[in-house]
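Peer 1:
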Amino acid sequence: MQIFEVELPGAKQRREALKRPLPEAQIETLHEASAAYQERCKFKPGDIVTPKLTSIYDHKGIPHVVLEVAPVAIRNFEPGNCYSYSFGSRLDIRVGVLVGGEVVAFWQESWQHQLYTPAE
Numbered sequence: 202m203q204i205f206e207v208e209l210p211g212a213k214q215r216r217e218a219l220k221r222p223l224p225e226a227q228i229e230t231l232h233e234a235s236a237a238y239q240e241r242c243k244f245k246p247g248d249i250v251t252p253k254l255t256s257i258y259d260h261k262g263i264p265h266v267v268l269e270v271a272p273v274a275i276r277n278f279e280p281g282n283c284y285s286y287s288f289g290s291r292l293d294i295r296v297g298v299l300v301g302g303e304v305v306a307f308w309q310e311s312w313q314h315q316l317y318t319p320a321e
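In the working numbering, the protein residues as written are 202 to 321.
Okay, structure coming up:
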């Protein structure tokens, strides 16, 4: 390394991981994510959904109600936000979830959700 160069924590491990082929399970998950993203919103107001296990959202496995489906998705291209995971997001559903006994609403991406099925 040169003077003033620093290696971020985990950078070497990530670089090494990129040299190895992705496991088939990861490739399948990525294909599923791509298909869900292309499908657009399949939910309607009143549907009970939950974030997928692979979702970036909290409250996975907890029921959410779809409050609204945006006729045109809200896109996030705010200047200065380009390093955030939310940059370029396609917010197309507003969901409500109970947090501490109160319904809290969020705009989220529908492709990161699935219909809720209670655990048996």
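Each residue gets a CB set at the ideal place from its N, CA and C atoms; glycine is no exception. Just so it is clear, the structure is predicted and the values come from calculations on it, not from any experiment.
Measure the C-alpha to C-alpha separation of T230 and L223 and round it to an integer number of angstroms.
Peer 2: Looking at the two C-alpha atoms, the distance is approximately 11 Å.
Peer 1: Spell out the partners DSSP gives V296 in its beta bridges.
Peer 2: For V296, which the question treats as bridged, DSSP gives the partners V267, F307.
Peer 1: Thinking C-alpha only, which one of R276, V298, A226 is nearest G289?
Peer 2: Looking at the Cα atoms, R276 is the closest of the given residues.
Peer 1: Would you tell me roughly how many angstroms separate the C-alpha atoms of N282 and L316, rounded to the nearest one?
Peer 2: One C-alpha to the other measures close to 30 Å.
Peer 1: If we call anything under 7 Å between Cβ atoms a contact, is G262 one with T255?
Peer 2: Not a contact, by the Cβ cut-off of 7 Å.
Peer 1: Give me the DSSP bridge partner(s) of T251.
Peer 2: Answer by DSSP bridge pairing, in chain order: Q315.
Peer 1: What did DSSP end up calling R216 once you bin it into helix, strand or coil?
Peer 2: In the structure shown, R216 sits in a helix (DSSP, three-state: H, G or I).
Peer 1: Report all residues from its chain with a CB closer than 7 Å to the CB of S235; omit the five preceding and five following residues, and keep chain order.
Peer 2: There are no such residues.
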